[in-house]
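Protein chains: 2
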Amino acid sequence: MSKYCEMEKEALKDMLVELKAEYAKIKEAGLNLDMSRGKPGPDQLAISAGIMDALTSEDELKSETGLDCRNYGELCGIMEARRLMSEVMGVPTENVIVYGNSSLNIMYDTISRSFTHGVMGSTPWCKLDKVKFLCPVPGYDRHFKITEFFGIEMINIPLTEDGPDMDLVEQYVNNDESVKGMWSIPKYSNPSGVTYSAETVKRLAALKPAAKDFRIYWDNAYVIHHLYEDKKDELLDIFEECKKNGNEDMVFQFASTSKVSFPGSGIAAMSASTANLDFVKKQMTVQTIGHDKINQLRHVKFFKDLDGMNAHMMKHAELLRPKFDAVLTTLESELAGTGIAEWTKPLGGYFVSLDVMEGCAKKVVAMCKDAGMVLTGAGAPFPYGKDPKDSNIRIAPSYPSPKELLEASKVLALCTKIAAIEKLIEA
Amino acid sequence: MSKYCEMEKEALKDMLVELKAEYAKIKEAGLNLDMSRGKPGPDQLAISAGIMDALTSEDELKSETGLDCRNYGELCGIMEARRLMSEVMGVPTENVIVYGNSSLNIMYDTISRSFTHGVMGSTPWCKLDKVKFLCPVPGYDRHFKITEFFGIEMINIPLTEDGPDMDLVEQYVNNDESVKGMWSIPKYSNPSGVTYSAETVKRLAALKPAAKDFRIYWDNAYVIHHLYEDKKDELLDIFEECKKNGNEDMVFQFASTSKVSFPGSGIAAMSASTANLDFVKKQMTVQTIGHDKINQLRHVKFFKDLDGMNAHMMKHAELLRPKFDAVLTTLESELAGTGIAEWTKPLGGYFVSLDVMEGCAKKVVAMCKDAGMVLTGAGAPFPYGKDPKDSNIRIAPSYPSPKELLEASKVLALCTKIAAIEKLIEA
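Protein chains in written order, with the numbering used here: chain L, 1 to 427; chain E, 1001 to 1427.
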């Protein structure tokens, strides 16, 4: 395929007529596809069905310490669930708290607590004139919604193939006391699939924050969410690296089984230094008597340990691979060499990140929508929903079938071409 | 029995020698009893065992609207769970949000949100110099811990047999703009067992708050927690009464199945006016993708409806009655007529509230503790843990067996007598 920008306008115009005719036909036929959210498909839910039978009334429902899981108590979660999640997150068991079903809720809570009660004794953020967060982009829209909800000023940090632009991160964190946090999805990032390089993790761990209550929000949402058995990204242990720099308290890590067991009914966890967790527990003891320990026990009974969970993740991978393949091969066959789009080829996670020609993302998403195909809103992966280049589109291939994804990706490629050509002709 | 205060000092001294000898013997033998928390007994947990089998991998796990409960979504809870909790709380389904396992967490969240984002558009409380809450006493220690955690000034309001002292409530709420809330457990109150009279509910509903963001925190924790089939307290519908006064937005109601199904793994809910819930949802949509819908479905499948739940509550009552009886008959036989103690005889809820002679509660609790019997800390049912009269002791009879409770109540009565006589002799 030739690069569109090198083509004659007349040739482009001819192509546009054809493409538009094709689009009109598709629009008339009408699609009904949703590629908007990283929502596991029904086939994925089915492989976790056994979790429903993991505990019955025949079971004693006691934790390994003899605690009746049905009753009140055990604020930080039962020990075996903490151990399981500690294996997932690669940290000591005592540095893990297991919560309810939502890691997003833990993150919200962490920021909300910082506003009302500060961080390990610092001034509550609600008393400050300005609080800023660094936001590697493209990133997770729900992260940015939390910081936006609290009126936190969000600063875009470009995400490279190695992770966030570290020169920029160091410049902000080490000099600006109002920078209190940085969002990050260090492994198979949402939406780009990037895993932070060892160098990036080392530089993050060696930050010298101007604000003593600066924290990295290490959302390890896809920590074991590989797509291939034989090709896996590796992520350096940030806690270990932090220790070397006396920065033990600088990281809050989050993880959940939302995309391991059931999205609505998994277990979520946080890990951090003992000093951080001691501070968190002061709030937790006021906030609740404890989270759902039966569901914690159910998860441990079903998965047993990290090996069990990893084996389970390969079943997810088997179901997800054809879906990612459908998207990637279509984008490849339709768009490779056109010079109007770039996209990621992740080894894990839940997304493909597509960059269309600058100024075209909104248009492409709108055209897809008109044809009956819902994508994440253009701009969503950026703070305030504003993609400065109007170029990024997040594709979530997990929910539709491979067949649907083939069809959808073709439409997406078609709209990408139409928008690009219209722009090139105008120019 | 003669009133201790009318007895000669010498007679009291003789009695004290005998009582102390008895106490020394008990202390030597050593007890191991916990009457500190309103924790259901293992026998109560057993009657809900069937909930563990309510859903299995054979079930479709879809809500009545066809939603897959295993997946993300349905922020406010599945409709059938909202309906069930709406029946429990006596409000329309659309005015109910079903959350996770903890109503305490909802209350914490409600106050935390008010601090960071205000109430339906009001100034966030963190921007105010002073925020006050009215606290009917004795009350629930965990309520008071939340308001204390946020630095809210708590004002004691004496709880009479009809509910909070309404003259005082009106005086504060209608005149002081910094009074933003009032805690209340309107039915079978913790710990006194009092249910607010119709007159009290009417006066509450007719309040004319100086602060437009004043809310009554209507913690209906024991709404269906009767001890007797034929003797039940009735509570007027506060929302209906509020409507008559144009005060629809003044009440947040909370309830849960913590003491219906399992304390650690129940479902919790909030009800409020549409305007209030619309504001709450703006936060919720940022905070989480949704709560555990499988557990919601499990509860609906097990209980079916309010009738099913009420029938279940009578099984709890059968188990709880002998426990309450053990405490009440012992207090009656040991302390009636002595003039040194008064106690409640509740028709529901989880507590007996004992008032010992002024200035003696701490001493009694400490003596019991020395003998191996844990009671709720004296003062706990009051803001800041300070009982102005040092007189109130909360008894939680649900966890120990009736036999243990007989023994424990005797020790409690014994310590009550010793402390009272020592005080009378000193005087």
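Cβ atoms here follow ideal geometry from the backbone N, Cα and C, with glycine treated the same way.
None of the values given here were measured: they were computed from a predicted structure.
Helix, strand or coil: which one does DSSP assign to residue i?
i	result
residue 355 of chain L	strand
residue 134 of chain L	strand
residue 363 of chain L	helix
residue 1383 of chain E	helix
residue 62 of chain L	strand
residue 1222 of chain E	coil
residue 1310 of chain E	helix
residue 402 of chain L	helix
residue 46 of chain L	helix
residue 1217 of chain E	strand
residue 1389 of chain E	coil
residue 1008 of chain E	coil
residue 35 of chain L	strand
residue 267 of chain L	coil
residue 160 of chain L	strand
residue 1152 of chain E	coil
residue 1335 of chain E	helix
residue 202 of chain L	helix
residue 1098 of chain E	strand
residue 1022 of chain E	helix
Relative to the C-alpha of residue i, which candidate in the options has its C-alpha closest?
i	options	result
residue 1402 of chain E	E:1190, E:1321, E:1072 and E:1365	E:1321
residue 1291 of chain E	L:350, L:404, L:381 and L:106	L:106
residue 1003 of chain E	E:1352, E:1342 and E:1112	E:1342
residue 179 of chain L	L:195, L:210 and L:163	L:210
residue 421 of chain L	L:6, L:12 and L:8	L:12
residue 93 of chain L	L:369, L:305, L:314 and L:411	L:305
residue 72 of chain L	E:1102, E:1249 and E:1167	E:1102
residue 142 of chain L	L:54, L:184 and L:25	L:184
residue 1134 of chain E	E:1260, E:1150 and E:1155	E:1155
residue 287 of chain L	E:1381, E:1223, E:1145 and E:1427	E:1145
residue 359 of chain L	L:418, L:396 and L:39	L:418
residue 1299 of chain E	E:1130, E:1077 and E:1193	E:1077
residue 1411 of chain E	E:1162, E:1122, E:1364 and E:1114	E:1364
residue 1346 of chain E	E:1311, E:1397 and E:1385	E:1397
residue 409 of chain L	L:392, L:379, L:331 and L:113	L:331
How big is the Cα-Cα spacing for residue i and residue j?
i	j	result
residue 1186 of chain E	residue 1090 of chain E	14 Å
residue 387 of chain L	residue 335 of chain L	22 Å
residue 1080 of chain E	residue 1064 of chain E	7 Å
residue 170 of chain L	residue 339 of chain L	33 Å
residue 366 of chain L	residue 1213 of chain E	41 Å
residue 164 of chain L	residue 139 of chain L	11 Å
residue 1104 of chain E	residue 1260 of chain E	16 Å
residue 1249 of chain E	residue 1271 of chain E	11 Å
residue 1147 of chain E	residue 1269 of chain E	20 Å
residue 37 of chain L	residue 1289 of chain E	11 Å
residue 22 of chain L	residue 42 of chain L	31 Å
residue 1100 of chain E	residue 425 of chain L	55 Å
residue 1242 of chain E	residue 1313 of chain E	29 Å
residue 1215 of chain E	residue 1182 of chain E	7 Å
residue 1391 of chain E	residue 1049 of chain E	39 Å
residue 1096 of chain E	residue 1239 of chain E	13 Å
residue 255 of chain L	residue 222 of chain L	8 Å
residue 379 of chain L	residue 1311 of chain E	53 Å
Residue i touches chain L at which residues, Cβ-Cβ below 7 Å?
i	result
residue 1291 of chain E	101
In chain L, which residues lie with their C-beta within 8 Å of the C-beta of residue i?
i	result
residue 1050 of chain E	57
So which residues of chain E does residue i contact, with C-beta pairs closer than 7 Å?
i	result
residue 286 of chain L	1108, 1145, 1146 and 1149
Report the neighbours of residue i on chain L: residues whose CB is nearer than 9 Å to its CB, in chain order.
i	result
residue 1053 of chain E	56, 57 and 58
Inset, instruction - For the segment 118-131 of chain L, enumerate the residues whose C-beta is nearer than 8 Å to any C-beta of chain E, in chain order. - result: 124, 126 and 127
Inset, instruction - Check each residue of the segment 56-85 of chain L: if its Cβ is closer than 9 Å to any Cβ of chain E, include it; give the result in chain order. - result: 56, 57, 58, 59, 61, 68, 69, 70, 71, 72, 73 and 74
Legend entry - Cβ-based contacts, 7 Å cut-off: residues of the segment 144-158 of chain L near chain E: 145, 146, 149 and 150
Legend entry - chain E contacts from the segment 295-308 of chain L (Cβ-Cβ distance under 9 Å): 295
Inset, instruction - Residues of the segment 257-273 of chain L with a CB closer than 7 Å to any CB of chain E: list them in chain order, please. - result: 262, 263, 264 and 265
Inset, instruction - Give the residues from the segment 1035-1046 of chain E that approach chain L closer than 8 Å (Cβ to any Cβ), ordered along the chain. - result: 1037, 1039, 1040, 1042 and 1045
Inset, instruction - Mind checking the segment 104-116 of chain L against chain E and listing, in chain order, the residues whose C-beta falls within less than 7 Å of any C-beta there? - result: 104, 105, 108, 112, 115 and 116
Inset, instruction - For the segment 369-387 of chain L, enumerate the residues whose C-beta is nearer than 7 Å to any C-beta of chain E, in chain order. - result: none
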